[in-house]
Structure formats: structure tokens, C-alpha cells
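To start, the structure itself, in C-alpha cells.
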Amino acid sequence: MNEFIKIILKMALQMVVWVFILSISWSGRTLFDRAHELLIRNSIVEAVDSELANVWYKVKETAKLTFSDNDDGGSTEAM
2 MNEFIKIILK MALQMVVWVF ILSISWSGRT LFDRAHELLI RNSIVEAVDS
52 ELANVWYKVK ETAKLTFSDN DDGGSTEAM
């Protein structure tokens, strides 16, 4: 239990340090804003996001068709 508390406290300290680091302002913008623009708002991430949205839509539509109440198959009741 003592090791668990040490790990939690170490993680909490690291989170606080990162909040301070990413809050540093550089030319009127925070480091977080600059990192977000570099890592998130780029063409590769947008393309992956678009493809994942298409795949998710297809999965949802397939699931709707598969589990719809209007199936034409026979029933699986025991005789």
C-alpha cells in the first residue's frame, strides 16, 4: 500500500509540473497552444480522424442492420 501511495504522489507531482511547463507563455501563446497546434491540428491527424469517423459510421450501420427487429430469418426457439 505504501508503494501505491508513492506512485500516486509521484504522478500527481509530475502532472503539476507539466501544467506549469505547458502554461509558459512564448510570444503571446502558451506552450500548450503551440504543442496542440503542432500535434493535433495537422493534416495527418485530420485524415486519420476522418477515416475513423467513416469506419465508425459503417460499423454502426452494419450493427443496426444486423440487430434490427425486421430480420427475415427463422426463429431459434427450442422444440
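Following the working numbering, the numbering of the sequence shown begins with 2 at its first residue and continues without gaps. All residues carry an ideal CB built from backbone N, CA and C; glycine is no exception.
DSSP, reduced to helix, strand and coil, places residue 35 within a helical segment of the structure shown. Taking C-alpha positions only, residue 15 is separated from residue 59 by approximately 40 Å. In the DSSP assignment, residue 24 falls outside any alpha helix (DSSP H) and carries neither an H nor an E.
In this structure, the CA atom of residue 31 is about 34 Å from the CA atom of residue 57. When rounded, the separation of the alpha-carbon atoms in residue 22 and residue 33 is 9 Å.
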